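Residue numbers (our numbering): 58 to 303.
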């Protein structure tokens with residue numbers, strides 16, 4: 058995995074700085090509390106987050122990242138509330154280029170994810186790639202969730218990634234597997250090889266890692282996680298559903 062780390066440019070947990078945390082307020086719903094946070098993992102980067110904490114039966118810590126941002130599944134009766142009412146603490150985060158940090162502002166209801174062309178090309182000009190930058194966002198947030206919860210620190214973080222943020226989430230988990238108890242990735246790209254096979258893509262610029270296929274592909278990262286990884290509803294390079302068994 059050392060070669061993978063070098064290609065994608067993800068620092069180890071020991072090398073990643075502690076984020077500054079700003080608390081923007083708290084609210085309460087029936088059975089749980091919601092805190093608004095702002096995490097700053099590095100200079101010029103801010104990651105808005107919502108922290109859901111159940112009043113009782115706090116049994117798991119979940120890091121939830123979505124291509125549309127933290128608000129996508131945070132509405133009452135949504136997926137995040139289901140997890141919280143089942144006893145999970147959930148940290149839902151806008152990774153860079155998603156949600157409130159998306160180019161042009163938060164996505165409108167019913168709109169799809171925006172491709173952060175500016176962020177992807179800026180990362181390239183800085184000698185980095187967007188996958189590595191977002192993977193570090195995932196690691197910083199997961200470590201913060203683990204350190205602020207005795208439960209998370211003891212048994213690991215449960216990572217849920219939906220949409221095109223699945224690729225950086227997979228990298229983060231494969232490079233630091235001891236941090237995660239389980240990883241669930243939905244509606245994410247099946248492989249970079251599929252991009253080559255189809256010869257065209259839809260919305261995959263932010264998932265480009267130059268030279269990666271000379272060393273590894275996404276299924277190789279999946280093998281590292283083994284039974285801890287669940288993949289649902291994978292898509293091809295044109296974002297069309299494919300058979301998960303393949």
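Every residue, glycine too, gets a C-beta built ideally from N, C-alpha and C. What you are looking at is a predicted structure, and each value in this text was computed from that prediction instead of being measured.
Per-residue DSSP class, three states only, for residue i
{"i": "residue 209", "result": "Bear in mind that a pLDDT of 45 at residue 209, under 50, signals an unreliable position, so the model cannot answer this."}
{"i": "residue 99", "result": "strand"}
{"i": "residue 160", "result": "coil"}
{"i": "residue 92", "result": "strand"}
{"i": "residue 120", "result": "strand"}
{"i": "residue 29", "result": "Nothing can be reported for residue 29, as the shown portion of the chain is limited to 58 through 303."}
{"i": "residue 229", "result": "helix"}
{"i": "residue 70", "result": "coil"}
{"i": "residue 263", "result": "helix"}
{"i": "residue 131", "result": "coil"}
{"i": "residue 155", "result": "coil"}
Buried/exposed call for residue i, threshold 16 Cβ in 10 Å
{"i": "residue 209", "result": "Its pLDDT being 45, under 50, residue 209 is placed unreliably in this model, and the value from its coordinates should be taken loosely. It counts as buried."}
{"i": "residue 259", "result": "exposed"}
{"i": "residue 295", "result": "exposed"}
{"i": "residue 272", "result": "exposed"}
{"i": "residue 145", "result": "buried"}
{"i": "residue 131", "result": "buried"}
{"i": "residue 194", "result": "buried"}
{"i": "residue 174", "result": "exposed"}
Residue i - partner residues in DSSP beta bridges
{"i": "residue 243", "result": "219 and 289"}
{"i": "residue 170", "result": "Paired residues: none, contrary to the question."}
{"i": "residue 83", "result": "92"}
{"i": "residue 12", "result": "This structure cannot settle anything about residue 12, because the visible part of the chain is limited to 58 through 303."}
{"i": "residue 237", "result": "214"}
Start-to-end residues for the alpha helix (DSSP H) that takes in residue i
{"i": "residue 297", "result": "First-last for residue 297: undefined, no H or E at that position."}
{"i": "residue 254", "result": "249-255"}
{"i": "residue 278", "result": "275-282"}
{"i": "residue 142", "result": "136-142"}
{"i": "residue 62", "result": "59-65"}
Residue range of the unbroken beta strand (DSSP E) whose run includes residue i
{"i": "residue 149", "result": "145-150"}
{"i": "residue 187", "result": "That residue, residue 187, is in no beta strand (DSSP E); its alpha helix (DSSP H) goes 187-204."}
Beta-carbon contacts of residue i that lie in its chain and below 7 Å, excluding the five residues immediately before and after
{"i": "residue 234", "result": "281 and 282"}
{"i": "residue 140", "result": "119 and 147"}
Chain-order list of residues whose beta-carbon lies under 6 Å from that of residue i (same chain, five-residue window excluded)
{"i": "residue 252", "result": "258 and 294"}
{"i": "residue 223", "result": "242 and 245"}
{"i": "residue 103", "result": "95 and 97"}
Other residues of its chain near residue i: CB distance less than 8 Å, five sequence neighbours each side excluded
{"i": "residue 321", "result": "Residue numbering for the chain in the displayed model covers 58 to 303; residue 321 lies beyond these limits and cannot be assessed."}
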